[in-house]
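Working notes for the structure below.
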Amino acid sequence: MLKYINGYNTQLKAQVQELIEQDKLGEYLLSRYPDTHTYTTDKALYGLVQEMKNTTLKNASPLSKVVYDSKIRDINKALGTHTYITRVQGAKVKTKNEIRIANLFKKTPEAFLRMIVAHELAHLKEKEHTKSFYKLCVHIEPHYHQLEFDTRLYLTYKEHFGELYE
Numbered sequence: 001m002l003k004y005i006n007g008y009n010t011q012l013k014a015q016v017q018e019l020i021e022q023d024k025l026g027e028y029l030l031s032r033y034p035d036t037h038t039y040t041t042d043k044a045l046y047g048l049v050q051e052m053k054n055t056t057l058k059n060a061s062p063l064s065k066v067v068y069d070s071k072i073r074d075i076n077k078a079l080g081t082h083t084y085i086t087r088v089q090g091a092k093v094k095t096k097n098e099i100r101i102a103n104l105f106k107k108t109p110e111a112f113l114r115m116i117v118a119h120e121l122a123h124l125k126e127k128e129h130t131k132s133f134y135k136l137c138v139h140i141e142p143h144y145h146q147l148e149f150d151t152r153l154y155l156t157y158k159e160h161f162g163e164l165y166e
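Start counting the sequence shown at 1; every next residue gets the next number (UniProt numbering).
Laid out in structure tokens, this is it:
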């Protein structure tokens with residue numbers, strides 16, 4: 001029932017369950033995040049990602065593509081993806097980094113989008129979800145852990161009640 005916050009402690013899950021039963025989870029989310037962002041096109045998303053990358057990861061590999069992806073549907077497995085492609089062309093090795101963000105983040109608060117972008121940008125430097133990976137996420141987005149939790153609450157709300165941000 002609470003699959004998006006399954007890894008959290010029992011007390012926290014009980015508080016969330018109570019918010020759901022009292023129909024107050026949406027109220028909680030809207031009080032913290034009342035507005036959606038304006039990065040609704042691939043071009044605008046690319047601009048946001050480049051800005052975050054240039055501010056926090058100046059020496060990271062360049063990005064060849066940043067898009068919203070309608071094919072990312074199984075939000076249990078991924079909210080965004082980072083793809084690293086290496087191709088040999090003659091004597092040269094060319095690499096491409098792509099970031100794809102689930103379409104559902106077109107209509108969410110900017111904070112949720114920034115958390116997903118921070119996560120995918122961190123993969124430019126750290127491929128695995130290690131302690132140093134999450135430290136890098138916090139470097140990119142200082143409130144990363146709270147935003148990740150609140151994004152999980154939003155996904156929980158969406159599963160139980162439908163869309164919150166239209």
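Built from N, CA and C at the ideal position, the CB exists for glycine as well.
None of these values were measured; they are calculated from a predicted model.
Could you tell me whether the Cβ atoms of Thr36 and Lys107 are closer together than 7 Å?
For the 7 Å CB-CB criterion, Thr36 and Lys107 form a contact.
With the cut-off set at 7 Å, would you say Ala122 and Leu136 are in Cβ contact?
yes
Taking just the CA atoms, how far does His143 sit from Val93?
37 Å
Under the three-state reduction of DSSP, which class applies to Asn54: helix, strand or coil?
Three-state result, Asn54: helix.
CA-to-CA distance, Glu21 to Glu141, given in whole angstroms:
32 Å
Does the region 37-50 come close enough to the region 122-133 to have 3 or more Cβ pairs within less than 8 Å?
Here the region 37-50 makes no contact with the region 122-133; the two share fewer than three CB pairs at distances below 8 Å.
Thinking Leu63 and Ile101 are a contact (beta carbons under 8 Å), I'd like their distance in whole angstroms, please.
With 8 Å as the limit, Leu63 and Ile101 do not qualify as a contact, their Cβ atoms being about 12 Å apart.
By Cβ distance below 8 Å, which residues in the same chain neighbour Leu29 in space, the five residues on each side in sequence not counted?
Asp150, Leu153, Tyr154, Tyr157, Leu164
From Thr56 to Glu18, what distance separates their C-alpha atoms?
Rounded to the nearest whole angstrom, the CA to CA distance from Thr56 to Glu18 is 38 Å.
If you follow the beta strand (DSSP E) that Tyr68 is part of, which residue opens it and which one closes it?
65-69
Per DSSP, which one or two residues make a beta bridge with Val49?
DSSP, once it has assigned bridges, lists no residue as partnering Val49.
Glu166 classed as buried or exposed, judged by whether at least 16 other C-beta atoms fall within 10 angstroms
Counting Cβ neighbours within 10 Å, Glu166 comes out exposed, since fewer than 16 surround it.
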